[in-house]
Ligand code: GLC
């Protein structure tokens, strides 16, 4: 199959289905809710939708614990609703990709049930080990979500490995039958017309065969060096590539802790295993090691991470650009300012939407949703959040522990989408499964729909511009004023066009002067948050001011 690499021109939108839109009043988002909102999604000028898992699941990790890979959960409306959404998206010129969660299954998956009873061919579908002679666990690995990585199964009288929650049992990818199952799942969805996959923690699927003890690197990750980028990972991904090559689809690999250099091992070369990798470093502007250690937001750090990925992948791979997803708190609350919510939301949007790569917008990001701060840990639902509360800072005062949750919980990104100012933000007519952020009367889609200065319309305009300006796809990337702690300024340049993106990250006035070779008066201000005044070839910024200038010219380096 001839590949078109359509994703290089696409803007994606991520839906975490449980919280997007409920159509039947049970308080849980569903596919008919998505169907109702397809025109809204299209209005954002997006070209593709990524769905977080829609499969039947007991929801120990909200869908990331799959019970059946070839069906759609009844909670979400089942297969019929999915096909309607798929067709509806395609009719509107939007593609659809699924979350492929094959590092682990739910312990309620029939494969696991058969495996614990040693029924063939499922006996070796999972990673089972006997206790050590002294009765202790097979090794010292941690699970990311719940204590140690081993759970004893009374029925089989052995331990099984779970790198995440206890109910998420790791598959044994070394078993060729398991890999065949993965290929079958891929074909099933691709034959139905799905356009690709986001592959969940795909760099964890090959474990060191001897399962040696790990050492402490960061909390909840002892053992990670023996299962991240494991010995057969590339070989297995290449096997999957044989299937994928028969379709014009995209694959996006989730890769915790991946560096740009390592990413190129997956996405570089003549026949890459995957098309894009989800980097985590761009989520480390205010923390290290994903989110275990926090520090105040540093624009300097973030800018250098961005520049590093732009430079490292240029001409060799393709970037995946994002600021939010269902695993991280809301970006305005982290990198921006809740006080200057709209302004900082615009600055953040322009900071990433014009970089080279494929950007994705996460539901609610486009209206500037912010973090929720629930009073007590009992009000949270997420397995990781609850685990973090109990395992970190356990001896600190309650207030401190809750502050860490407010700062770091991914559940802040999972509150229901705020559609309007009616009860429950227009998300459901029933009782929502999780708390709606109390700021919904102010922050919602309806309030921003017709306001030309709203964040929502800024996102729309930015996404539209991306698709009409070839320089965004092809141009080189250059950062200006690398030492500024308040401004992020970058250029995209091709033979015929230059784009100058100026983003302030400060509420204070900052003197900006155009870099050498730029005459702002000759540029076209194609996107802006505030005014258009130019003095001395520059301007003094308003809080979090954002401007994007386009210059049409014939100079500049030859296009690469
Ligand atoms: C990925 C998902 C996350 C999930 C975990 C385990 O990181 O994005 O939501 O909890 O994998 O499947």
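In our numbering, the protein residues as written are 1306 to 1865. Backbone N, C-alpha and C fix where the C-beta goes; we use that ideal spot for every residue, glycine too.
Rounding to the nearest angstrom, what Cα-Cα distance links residue 1694 and residue 1714 in this structure?
About 10 Å.
Please confirm whether any heavy atom of the ligand GLC lies closer than 7 Å to the CB of residue 1596.
False, no ligand heavy atom lies under 7 Å from that Cβ.
Return the CA-CA distance between residue 1848 and residue 1792, expressed in angstroms with no decimal places.
Rounded to whole angstroms, residue 1848 to residue 1792 spans 11 Å at the Cα level.
Could you work out which residue in 1406, 1751, 1833 and 1379 is closest to residue 1488 when comparing CA atoms only?
Residue 1406 is the option with its Cα nearest to residue 1488.
Rounding to the nearest angstrom, what Cα-Cα distance links residue 1577 and residue 1571 in this structure?
About 6 Å.
I need the DSSP call for residue 1474, collapsed to helix, strand or coil.
Strand, per DSSP.
Let me know if residue 1716 comes out buried or exposed under the rule of 16 or more other beta-carbons within 10 Å of its beta-carbon.
By the neighbour-count rule (16 or more Cβ atoms within 10 Å), residue 1716 is buried.
Let me know the beta strand (DSSP E) ranges lying completely inside the stretch 1323–1397, each 3 residues or longer, listed in chain order.
Within the stretch 1323–1397, the complete beta strand (DSSP E) runs of at least 3 residues are 1353–1356.
Taking Cβ to Cβ, would you say residue 1476 is nearer than 8 Å to residue 1410?
Cβ distance < 8 Å, so residue 1476 and residue 1410 count as in contact.
So residue 1316 and residue 1350 are in contact, right, with Cβ under 8 Å, and what is the actual spacing, rounded?
Going by Cβ atoms, the distance from residue 1316 to residue 1350 rounds to 6 Å, so yes, they are a contact pair.
Give the straight-line distance between the Cα atoms of residue 1666 and residue 1637, rounded to the nearest whole angstrom.
Their Cα atoms are separated by approximately 13 Å.
Return the CA-CA distance between residue 1734 and residue 1462, expressed in angstroms with no decimal places.
Their backbone Cα atoms lie some 47 Å apart in a straight line.
In the structure shown, what three-state DSSP assignment does residue 1521 receive?
Here residue 1521 sits in coil by DSSP.
What's the C-alpha gap between residue 1759 and residue 1671?
Between residue 1759 and residue 1671, the C-alpha separation is close to 10 Å.
Where does residue 1541 fall in DSSP's three states?
Helix, per DSSP.
On the DSSP bridge assignment, give the partners of residue 1403 in chain order.
Residue 1403 is bridged to 1502.
Report all residues from its chain with a CB closer than 6 Å to the CB of residue 1781; omit the five preceding and five following residues, and keep chain order.
Hits under 6 Å: 1798.
Go through its chain and collect everything with a Cβ distance to residue 1414's Cβ below 6 Å, but skip five positions before and after it.
Closer than 6 Å at Cβ, skipping near neighbours: 1372.
Kindly list the residues whose CB is nearer than 6 Å to the CB of residue 1602, restricted to its own chain and excluding five residues on each side of it in sequence; keep chain order.
Same-chain partners within the cutoff: 1590, 1591 and 1640.
Rank 1470, 1554, 1496 and 1594 by C-alpha distance to the C-alpha of residue 1309 and give the top, closest one.
Among 1470, 1554, 1496 and 1594, the Cα nearest to that of residue 1309 belongs to 1554.
According to DSSP, is residue 1582 helix, strand or coil?
Three-state result, residue 1582: strand.
With DSSP run on the structure shown, which of helix, strand or coil describes residue 1530?
Reduced to three states, the DSSP call for residue 1530 is helix.
Put residue 1450 into one of helix, strand or coil per three-state DSSP.
In the structure shown, residue 1450 sits in coil (DSSP, three-state: anything other than H, G, I, E or B).
Quick check: the Cα distance between residue 1662 and residue 1311, rounded to an integer number of angstroms?
Residue 1662 and residue 1311: Cα-Cα distance of roughly 12 Å.
Count the C-beta pairs between the stretch 1515–1533 and the stretch 1418–1431 that are closer than 8 Å, then say yes if the count reaches three, no if not.
No, because fewer than three Cβ pairs between the stretch 1515–1533 and the stretch 1418–1431 fall closer than 8 Å, the two stretches do not touch.
Under 8 Å, do residue 1612 and residue 1569 count as touching if we go by C-beta distance?
No; because the gap between Cβ atoms is not below 8 Å, this pair is not in contact.
Under the three-state reduction of DSSP, which class applies to residue 1796: helix, strand or coil?
In this structure, residue 1796 counts as strand in the three-state DSSP scheme.
How would you label residue 1324, buried or exposed, when you count the other beta carbons within 10 angstroms and need 16 or more for buried?
So residue 1324 counts as buried.
Starting from the N-terminal end, write out each residue whose C-beta falls within a distance shorter than 6 Å of any non-hydrogen atom of the ligand GLC.
Those satisfying the condition are, in chain order, 1366, 1369, 1406, 1469, 1505, 1506, 1559, 1631 and 1632.
Determine the DSSP secondary structure at residue 1802, reduced to helix, strand or coil.
Reduced to three states, the DSSP call for residue 1802 is strand.
Can you tell which of 1843, 1322, 1503 and 1801 has its C-alpha closest to the C-alpha of residue 1820?
Nearest option by C-alpha distance: 1843.
Does the structure place the stretch 1377–1397 close enough to the stretch 1347–1361 that three or more beta carbon pairs sit under 8 Å?
The answer is yes - the stretch 1377–1397 touches the stretch 1347–1361, with three or more Cβ pairs under 8 Å.
Taking C-beta to C-beta, are residue 1718 and residue 1850 nearer than 8 Å?
Going by C-beta atoms, residue 1718 is not nearer than 8 Å to residue 1850.
Could you give the residue range of the beta strand (DSSP E) that holds residue 1818?
That run of the beta strand (DSSP E) goes 1816–1818.
Under a three-way DSSP split, which group does residue 1516 fall into?
In this structure, residue 1516 counts as coil in the three-state DSSP scheme.
State the CB to CB distance for the pair residue 1510 and residue 1408, rounded to an integer number of angstroms; the pair is presumed to be in contact (CB under 8 Å).
Sure, about 5 Å apart at Cβ, within 8 Å.
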